[in-house]
Amino acid sequence: MIKLIAKSVILSTLLSAPCFAESSNTTNSLNSKNQVTANFAVDYSQYNTVLEASVLELAPSDRSYISYDENEQGPNLGSNRATDAEANRFYYEQFIDDPELTKSIAAIQSNLLSYLANNQLSKLSNEEQTAFWLNLHNVAVINELAQRYPKDTNSLSYDVADKSSFFYKKLFTYNGQELSLDDIEYKILMPLNKNNPLVMYGLYKGYIGSPNIRTQAYTANNLMPSLIDNAQEFINSNRGTNYSSNLLNVSTMYKDKKAYFNDFNNDLLAHLSLYADNDLLNKLKNKKTALFTIDNYDITDVTGPKHRDSYDIIISNWDKALLIPQHSFPRLNNLNIPAKRIVILRELQRKNDLLKTNVSGENAYYANNQ
Numbered sequence: 001m002i003k004l005i006a007k008s009v010i011l012s013t014l015l016s017a018p019c020f021a022e023s024s025n026t027t028n029s030l031n032s033k034n035q036v037t038a039n040f041a042v043d044y045s046q047y048n049t050v051l052e053a054s055v056l057e058l059a060p061s062d063r064s065y066i067s068y069d070e071n072e073q074g075p076n077l078g079s080n081r082a083t084d085a086e087a088n089r090f091y092y093e094q095f096i097d098d099p100e101l102t103k104s105i106a107a108i109q110s111n112l113l114s115y116l117a118n119n120q121l122s123k124l125s126n127e128e129q130t131a132f133w134l135n136l137h138n139v140a141v142i143n144e145l146a147q148r149y150p151k152d153t154n155s156l157s158y159d160v161a162d163k164s165s166f167f168y169k170k171l172f173t174y175n176g177q178e179l180s181l182d183d184i185e186y187k188i189l190m191p192l193n194k195n196n197p198l199v200m201y202g203l204y205k206g207y208i209g210s211p212n213i214r215t216q217a218y219t220a221n222n223l224m225p226s227l228i229d230n231a232q233e234f235i236n237s238n239r240g241t242n243y244s245s246n247l248l249n250v251s252t253m254y255k256d257k258k259a260y261f262n263d264f265n266n267d268l269l270a271h272l273s274l275y276a277d278n279d280l281l282n283k284l285k286n287k288k289t290a291l292f293t294i295d296n297y298d299i300t301d302v303t304g305p306k307h308r309d310s311y312d313i314i315i316s317n318w319d320k321a322l323l324i325p326q327h328s329f330p331r332l333n334n335l336n337i338p339a340k341r342i343v344i345l346r347e348l349q350r351k352n353d354l355l356k357t358n359v360s361g362e363n364a365y366y367a368n369n370q
């Protein structure tokens, strides 16, 4: 089920430059060390504009599998019946025919990178630093995938496994040290947060089997609630845990997270139990080991691998679909558009219109950020 995100988004807000303002302290902390908050804050308004206009927020998993008939419709439904209907979606399709929007993502990344040269960044509170590095990581992932979408994005398994992929390339320089996206997690975020495993749930990797992309940028104030929410959503979904023949299956993501857990098997099970719902908690009580068998490397786009080739055909029917009342969904056979997809199409067109709002013929924003 799609939770429609109805917020006013105007592209003109992307015109703002990095903003330095008074920053508020927060009492929620990923560790107990008290730090003095610097007198400036990172401006995420540009990033929030794109998130609000591009993220489709799906409801929490109900643990159901997609039937073979349903597997031909809906958002990004491929061949993994247990997980294909899970995880928030990012509307990568909007970048295919609109290079201006693609430039905006690159400009947002450049904007965030400009803060790395400021020696005040390390003086921010731990919460603010954590939020910054999570946002920079996720913007970089979105930018990489938006630049090449739909080419080489059907599955991101290569990018995850191959050490020459963009996850492992040195993309940033901070304090004289070259960093990759992988380094952000293990060299910056883990030491900053004393190996708190909640950090892993803030790192969006672009594929269904990774933690959710959120509709708002991370900030010091929303950091802890957002990470807990992502952890609970992931652990209690088929992407995070599942039972088969009384065996506990967990995401392959955890196999690569041994650095977070001193006693890996026991600490991982304790971590899962901490955020498990009652049903999962009861099943975890007598478990001593887990099998790392769950993955889904399909990109978190909307149309999905089975529908991407027919995207133009689907778009051509937008106008007709948008005129049909919701109660008429059962009578849509003549349009050859699944009822679930019409709900998505309506929301996507609304978001696309919002992104294009107030963009003049001069394309001032893009001209200033090339």
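Residue 1 is where the sequence shown starts when you use full-length UniProt numbering, and the numbers rise one by one after that. C-beta atoms are modelled at their ideal positions from N, C-alpha and C, and glycine is treated no differently. If you're wondering where the values come from, they're calculated on a predicted model, not measured in any experiment.
- My guess is that S210 and E86 are in contact by the Cβ rule of under 8 Å, so how many angstroms apart are they, rounded? Mapped onto the sequence shown, residue 210 falls at position 210. Mapped onto the sequence shown, residue 86 falls at position 86. Incorrect: roughly 11 Å between the Cβ atoms, too far for contact.
- Message: Please classify E178 as buried or exposed, where buried requires at least 16 neighbouring CB atoms within 10 angstroms.
- Response: Working through the sequence shown from its first residue, we reach residue 178 at position 178. With fewer than 16 Cβ atoms within 10 Å of its Cβ, E178 is classed as exposed.
- Message: Are the CB atoms of N266 and T83 within a distance shorter than 7 Å?
- Response: Looking up residue 83 in the sequence shown gives position 83. Looking up residue 266 in the sequence shown gives position 266. Their beta carbons are not under 7 Å apart, which means T83 does not touch N266 by this criterion.
- For V55, which of helix, strand or coil comes out of DSSP? Mapped onto the sequence shown, residue 55 falls at position 55. Three-state DSSP puts V55 in a strand.
- Query: Per DSSP, what kind of secondary structure is V42 in: helix, strand or coil?
  - Reply: Within the sequence shown, the letter at position 42 stands for residue 42. DSSP places V42 in coil when its eight states are reduced to three.
- Separation of K257 from M200, as counted between CA atoms: Against the sequence shown, residue 200 aligns to sequence position 200. Against the sequence shown, residue 257 aligns to sequence position 257. Approximately 8 Å, taken between the alpha carbons.
- In DSSP terms, what R89 is bridged to: Here residue 89 is taken as the residue at index 89 of the sequence shown, counted from 1. Per DSSP, the beta-bridge partners of R89 are L56.
- By Cβ distance below 7 Å, which residues in the same chain neighbour E144 in space, the five residues on each side in sequence not counted? Start at 1 with the first residue of the sequence shown, and residue 144 comes out as number 144. The answer, listed in chain order, is F166.
- Query: Taking DSSP as the reference, what is the three-state secondary structure of Y149?
  - Reply: To locate residue 149, count along the sequence shown from 1; it is residue 149. Y149 falls in the coil class under three-state DSSP.
- Query: First and last residue of the beta strand (DSSP E) that includes F292?
  - Reply: One-based indexing of the sequence shown puts residue 292 at position 292. Taken as a continuous stretch (DSSP letters only), the beta strand (DSSP E) holding F292 covers L291 to I294.
- Task: Using only alpha-carbon positions, find the residue among Q109, R148, A259 and T49 that is nearest to W133.
- Result: Walking along the sequence shown from the start, residue 133 turns up at place 133. Ranking Q109, R148, A259 and T49 by Cα distance to W133 puts Q109 first.
- Message: Whole angstroms are fine: how far does the CA of L171 sit from the CA of L181?
- Response: Locating residue 181 in the sequence shown gives position 181, where the first residue counts as 1. Locating residue 171 in the sequence shown gives position 171, where the first residue counts as 1. Going from the Cα of L181 to the Cα of L171 covers about 7 Å.
- Message: Below 8 Å on the Cβ atoms is my contact criterion, and I expect residue 371 with N135 to pass it. Report the Cβ-Cβ distance as a whole number of Å.
- Response: Residue 371 lies beyond the range of the chain shown here (1 to 370); nothing can be said about it.
- Host beta strand (DSSP E) of Y174 (start-end): As a position in the sequence shown, residue 174 is number 174, starting the count at 1. Per DSSP, Y174 belongs to the beta strand (DSSP E) from F172 to Y174.
- Boundaries of the beta strand (DSSP E) in which L189 is found, first to last residue: Taking the sequence shown and counting its residues from 1, one reaches residue 189 at position 189. Element bounds for L189: n/a, residue is neither H nor E.
- Message: My assumption, with CB atoms under 8 Å, is that E185 sits in contact with L203. Please give the rounded CB distance.
- Response: In the sequence shown, counting from the first residue as 1, residue 185 sits at position 185. In the sequence shown, counting from the first residue as 1, residue 203 sits at position 203. Confirmed, Cβ separation roughly 6 Å.
- Message: Using only CA atoms, which one of S164, Q216, L274 and G304 lies nearest to S54?
- Response: For the purposes of this step, residue 54 is identified with residue 54 of the sequence shown, where counting begins at 1. Of S164, Q216, L274 and G304, the residue nearest in Cα terms is Q216.
- Task: Verify whether the separation of the beta carbon atoms of S208 and T300 is less than 7 Å.
- Result: For the purposes of this step, residue 208 is taken as the residue at position 208 of the sequence shown. For the purposes of this step, residue 300 is taken as the residue at position 300 of the sequence shown. Position check: residue 208 holds Ile in this sequence, whereas Ser was assumed. Going by C-beta atoms, I208 is nearer than 7 Å to T300.
- Query: Helix, strand or coil: which one does DSSP assign to L248?
  - Reply: Locating residue 248 in the sequence shown gives position 248, where the first residue counts as 1. L248: strand per DSSP, three-state reduction.
- So what does DSSP say about D298, is it helix, strand or coil? As a first step, residue 298 is located in the sequence shown; it is residue number 298 there, counting from the start. DSSP places D298 in strand when its eight states are reduced to three.
- Buried or exposed: which applies to L269, given that a residue is buried once 16 or more other Cβ atoms fall within 10 Å of its Cβ? Position 269 of the sequence shown holds residue 269. So L269 ends up on the buried side.
- Query: Would you report the Cα separation of G206 and L156, rounded to the nearest angstrom?
  - Reply: Reading the sequence shown from its first residue, position 206 is the one you call residue 206. Reading the sequence shown from its first residue, position 156 is the one you call residue 156. Going by the C-alpha atoms only, they are around 8 Å apart.
- Task: Buried or exposed for Y92, please, with buried defined as at least 16 other CB atoms from any protein chain shown within 10 angstroms of its CB.
- Result: The residue given as residue 92 occupies position 92 in the sequence shown. By the 10 Å Cβ count, Y92 comes out buried.
- Item | Three-pair Cβ contact test at 8 Å for the segment 120-130 versus the segment 275-292 | no
- Message: To the nearest angstrom, how far is the alpha carbon of I337 from that of T303?
- Response: By one-based count along the sequence shown, residue 337 stands at place 337. By one-based count along the sequence shown, residue 303 stands at place 303. Low per-residue confidence applies at I337: pLDDT is 47, beneath 50, and the placement is therefore not dependable, though the value from the model is reported in the following sentence. Cα-Cα distance, rounded: 12 Å.
- DSSP on Q129, reduced to helix/strand/coil? As a working mapping, residue 129 is identified with position 129 in the sequence shown. In this structure, Q129 counts as helix in the three-state DSSP scheme.
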